[in-house]
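Residue numbers (our numbering): 2 to 532. Step one of this worksheet: look at the structure below.
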Amino acid sequence: MKNRFSWASPDNLLSTTYHDDGWRKFCFNDTRITEFTRNIMQREIGRTQGKLTTTFNRDPLIRMATQVVQADGASPVIKRDYIYDATGNLIRCHDIRSGVTNYQYDSLGQISQVTTPIGEEIFAFDPAHNIVEHYTHKVDNNRLEQYHGVQYVYDEFGNVMQKTTQTGEQQHYTYNLKDQLITATMSKPNQETEVWHYKYDVLGRRIAKYRENATDKNNADKNNGQNSERTEFIWDGSHLVQEINPQGTYTYIYSHPSSYEPLAQIHDNKENKQSIAYFHTDQIGIPREMTDEDGQILWNGTYTAWGQLKEENNPHNTHQPLRLQNQYYDRETGLHYNFFRYYDTHCGRFITQDPIKLQGGNNFYQFAPNTMGWSDPLGLFVIVLAAIPVILEGLATAVGAGIAGFLTSDAVLVIAGSLTMASVLKSDAVQEKDEATDTCVGKCNKPKCPDDVYKRLTQAVHDAKKEVRKLGGCSQNMGAYDMKIRATAWKNEALARSIREQTCWEGGDYNHQKQIADAWKNHYRCQELLQ
Numbered sequence: 002m003k004n005r006f007s008w009a010s011p012d013n014l015l016s017t018t019y020h021d022d023g024w025r026k027f028c029f030n031d032t033r034i035t036e037f038t039r040n041i042m043q044r045e046i047g048r049t050q051g052k053l054t055t056t057f058n059r060d061p062l063i064r065m066a067t068q069v070v071q072a073d074g075a076s077p078v079i080k081r082d083y084i085y086d087a088t089g090n091l092i093r094c095h096d097i098r099s100g101v102t103n104y105q106y107d108s109l110g111q112i113s114q115v116t117t118p119i120g121e122e123i124f125a126f127d128p129a130h131n132i133v134e135h136y137t138h139k140v141d142n143n144r145l146e147q148y149h150g151v152q153y154v155y156d157e158f159g160n161v162m163q164k165t166t167q168t169g170e171q172q173h174y175t176y177n178l179k180d181q182l183i184t185a186t187m188s189k190p191n192q193e194t195e196v197w198h199y200k201y202d203v204l205g206r207r208i209a210k211y212r213e214n215a216t217d218k219n220n221a222d223k224n225n226g227q228n229s230e231r232t233e234f235i236w237d238g239s240h241l242v243q244e245i246n247p248q249g250t251y252t253y254i255y256s257h258p259s260s261y262e263p264l265a266q267i268h269d270n271k272e273n274k275q276s277i278a279y280f281h282t283d284q285i286g287i288p289r290e291m292t293d294e295d296g297q298i299l300w301n302g303t304y305t306a307w308g309q310l311k312e313e314n315n316p317h318n319t320h321q322p323l324r325l326q327n328q329y330y331d332r333e334t335g336l337h338y339n340f341f342r343y344y345d346t347h348c349g350r351f352i353t354q355d356p357i358k359l360q361g362g363n364n365f366y367q368f369a370p371n372t373m374g375w376s377d378p379l380g381l382f383v384i385v386l387a388a389i390p391v392i393l394e395g396l397a398t399a400v401g402a403g404i405a406g407f408l409t410s411d412a413v414l415v416i417a418g419s420l421t422m423a424s425v426l427k428s429d430a431v432q433e434k435d436e437a438t439d440t441c442v443g444k445c446n447k448p449k450c451p452d453d454v455y456k457r458l459t460q461a462v463h464d465a466k467k468e469v470r471k472l473g474g475c476s477q478n479m480g481a482y483d484m485k486i487r488a489t490a491w492k493n494e495a496l497a498r499s500i501r502e503q504t505c506w507e508g509g510d511y512n513h514q515k516q517i518a519d520a521w522k523n524h525y526r527c528q529e530l531l532q
């Protein structure tokens, strides 16, 4: 048994206990936050959260199939069932609290319709993946100027500098030379104008935001917002671990040191009274409920297709600003702070261009085809959660070492307009394998799965590789049928490799993930040519 310690603050210690085969327990100071239960494959199948226990059931592709939260011997407090289509898209979620939600997608995996018990959302996209009200709408330079009653105006650098909402509110945005949002001015009809300022550290992380009061308007820069409503943010690499605001200090704990799925929130008020609240997230890691140590629901919410909080029940005035993975909700603007950029849930896009430009895709404003199976924790590139369940190993280290070096390393693999994080740094102990047999020929760890399972999954990889080598890639002069069978073949190889590496190699090393990424790149190349 080993222990990993990380300081959340000078006065608090987060202790993580794990065996050689997986994470087991999180403690904050002397308080146990959670204990994990794992199966023979070392996949998490359960966790404790106060007096509640959460159990998970996953399908053969390691996607979330069912999650149940309940106290011993009691009826479920939370229960969700998930169903996916043949391409891996979530098509149905049954929640005992909010009912059944059905999802539909176009041929490129872009969300086209969401149907809930209280209504539906319908979406359309142009050929450049811009969301539009109608297919005939034209979006010049990918700069969306209006969408369902909201108007957008851009500056010469492509940043949204003015947003006018359906209610007539005008928001004006100011940026620094790095295109970071530094001031937001909100003017509402017949209401006082609000001005908010945002500050960042040298690594680009937001470390403070504060409201400018009329009394300190002329001294906002001098007093650094100390006389205003102010929130400070503390980071561990790319993870938000604490925020300090007038209501006290909130510490965040995640389900894994390399995950952005929130597990618990610890609140220390100004009277030094500490309370623990637990997050219950869905298949993509967005918080759906929060419970206290006794298992009572403190907060629950439902979201639109693009991650906007649509409804919430918050009788205890619980602080819950977390949204899609590594997104923080700003009440003043309605935007989500997404590490390197700000995300607008009204139109499912970023308000500034991608800092890594074409490395992040052809459309510099696009978030993802949908939020049900994709994640962008840095505001730079999307990760396919359902098809490539890669743990973002070492991401915090990369940010700590300097984002410039990180972005130019081999850690970023381009997948036809989206990226997947394989590993921040290549390991000196990369396993040597015979490409013809996929067996170890040098220094190599033993697969973490039974031999018969490994042989069966490896055979599936061989069969998929054989098919793609026979067919090859897609080209522009091919017919639709030839492209479709090649797209399917490359997808089958990507899935076969992903399942084997997740099941037997804990996600795999750099070479494993590069092979998966290459397969997805060829698959999406075929899909784009088909379009």
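Cβ atoms here follow ideal geometry from the backbone N, Cα and C, with glycine treated the same way.
Is the separation between the beta-carbon of Arg207 and that of Tyr199 shorter than 7 Å?
The beta carbons of Arg207 and Tyr199 sit closer together than 7 Å.
### Query
What separation, rounded to the nearest whole angstrom, lies between the Cα atoms of Cys505 and Tyr455?
CA-to-CA, the gap between Cys505 and Tyr455 works out to about 7 Å.
**Study point:** Inter-stretch contact (C-beta, 8 Å, three-pair minimum) for the region 357-374 and the region 306-315
**Key:** Three or more beta-carbon pairs separated by less than 8 Å link the region 357-374 to the region 306-315, which places the two stretches in contact.
**Message:** According to DSSP, is Ala417 part of a helix, a strand, or is it coil?
**Reply:** Since pLDDT at Ala417 reaches only 29, below the 50 mark, its modelled position is unreliable, and the value read off the structure follows with that caveat. Here Ala417 sits in coil by DSSP.
Exercise. Candidates Gly169, Leu204 and Tyr176: which alpha carbon is nearest Asn191's?
Worked result: When only C-alpha atoms are compared, the closest one is Gly169.
Checklist entry - Using a Cβ-Cβ cut-off of 6 Å (strictly less than) and excluding sequence neighbours within five positions of Ile612, which residues of its own chain qualify? => result With the chain running from 2 to 532 in the structure shown, residue 612 is simply not present.
- Query: Going by alpha carbons, who is nearest to Ser376 out of Lys52, Pro288 and Gln326?
  - Reply: The option with the nearest alpha carbon to Ser376 is Gln326.
| DSSP three-state assignment for Trp307, whether helix, strand or coil | Reduced to three states, the DSSP call for Trp307 is coil.
When the Cα of Arg81 is compared with those of Gln284, Tyr366 and Val385, which residue comes out closest? Comparing alpha carbon positions, the residue from Gln284, Tyr366 and Val385 closest to Arg81 is Gln284.
Checklist line | Start-to-end residues for the beta strand (DSSP E) that takes in His94 | finding: Sequence check: residue 94 is Cys here, not His. Run containing Cys94: Leu91 to Asp96, per the beta strand (DSSP E) assignment.
| query | Between Ile245, Met484 and Leu62, which lies nearest to Lys271 when the distance is taken from Cα to Cα? | reply | Lys271 has its Cα closest to that of Ile245, out of Ile245, Met484 and Leu62.
Using only alpha-carbon positions, find the residue among Tyr201, Lys164, Trp197 and Asp202 that is nearest to Arg231.
-> Put simply, of Tyr201, Lys164, Trp197 and Asp202 the residue whose alpha carbon is nearest the alpha carbon of Arg231 is Trp197.
- Task: Compute the beta-carbon to beta-carbon distance between Gly51 and Asp293, rounded to the nearest angstrom, for a pair I have assumed lies under 8 Å.
- Result: The beta-carbon separation of Gly51 and Asp293, rounded to 7 Å, stays under the 8 Å limit for a contact.
Distance check for Phe57 and Met65, CA to CA, integer angstroms please.
Approximately 7 Å between the Cα atoms of the pair.
Around the Cβ of Gly150, are there at least 16 other Cβ atoms within 10 angstroms (buried) or fewer (exposed)? That one is exposed.
- Compute the Euclidean distance between the alpha carbons of Tyr329 and Val242, then round it to the nearest angstrom. The straight-line gap from Cα to Cα measures roughly 12 Å.
(request) Please state whether DSSP places Gln528 in a helix, a strand or coil. (result) Residue state, collapsed to three classes: helix.
From the DSSP output, in three-state form, read off Gly395 for me.
The predicted position of Gly395 is uncertain, since its pLDDT is 36 and thus under 50; a value taken from the coordinates is nonetheless stated next. Coil at Gly395, not helix or strand.
query: Buried or exposed: Tyr136, going by 16 or more other Cβ atoms within 10 Å of its Cβ?
result: Counting of Cβ neighbours within 10 angstroms places Tyr136 among the exposed residues, the total staying below 16.
- Query: Thr35 and Ala265 look like a contact to me (Cβ under 8 Å); what is the Cβ gap, rounded to whole Å?
  - Reply: Going by Cβ atoms, the distance from Thr35 to Ala265 rounds to 7 Å, so yes, they are a contact pair.
Grouping DSSP H, G and I as helix and E and B as strand, with all else coil, what is Lys164? Three-state result, Lys164: strand.
Item to check | Cα-Cα separation, Leu323 to Gly286 | outcome: Going from the Cα of Leu323 to the Cα of Gly286 covers about 10 Å.
Quick test of your reading: Glu195 and Glu333, contact by CB under 8 Å. State the CB separation rounded to the nearest angstrom. Confirmed, about 6 Å.
Beta-carbon spacing of Gln163, Met187 below 7 Å:
Between Gln163 and Met187, the C-beta spacing is not below 7 Å.
For this session: Tell me whether the beta-carbon of Gly349 lies closer than 7 Å to the beta-carbon of Phe368.
Result: In this structure, Phe368 lies closer than 7 Å to Gly349 by Cβ.
> Mind checking whether Val462 and Arg501 have CB atoms under 7 Å apart?
Replying inline: Taking a C-beta distance under 7 Å as the contact criterion, Val462 and Arg501 qualify as a contact pair.
Report, in whole angstroms, the separation of the C-beta atoms of Val69 and Gly296, which I expect to be a contact under 8 Å.
About 13 Å separates the Cβ atoms of Val69 and Gly296, ruling out a contact at the 8 Å cut-off.
query = Skipping 5 residues on each side, what residues in its chain have a beta carbon closer than 6 Å to that of Gln152?
reply = Result list for Gln152: Thr165, in chain order.
Inset, instruction - Taking the CB atoms as reference points, tell me whether Gly380 and Phe340 lie closer together than 7 Å. - result: With respect to Phe340, Gly380 sits close: the two C-beta atoms are nearer than 7 Å.
- [ ] Specify, as a first and last residue, the run of the beta strand (DSSP E) that Met65 falls within.
- [x] Note, Met65: beta strand (DSSP E), Met65 to Gln71.
His149: first and last residue of the uninterrupted alpha helix (DSSP H) it sits in
Here His149 belongs to no alpha helix (DSSP H), and DSSP marks it neither H nor E.
Exercise. Kindly indicate which three-state DSSP category Gln284 falls into: helix, strand or coil?
Key: If DSSP states are grouped into helix, strand and coil, Gln284 belongs with coil.
Notebook entry, point to check: Grouping DSSP H, G and I as helix and E and B as strand, with all else coil, what is Asn523?
Noted result: For Asn523, the secondary structure class from DSSP, reduced to helix, strand or coil, is helix.
- Task: Kindly identify the DSSP beta-bridge partner or partners of Arg324.
- Result: Secondary-structure assignment with DSSP links Arg324 through no beta bridge to anything.
Measure the alpha-carbon distance for Glu121 versus Ile112 and round it to whole angstroms. Between the C-alpha atoms of Glu121 and Ile112 there is a straight-line separation of about 12 Å.
- request: Could you check what DSSP says for Leu408 in three-state terms: helix, strand or coil?
  value: Below a pLDDT of 50, predicted positions are generally treated as unreliable, and Leu408, at 36, falls in that range; no measurement from the model is reported.
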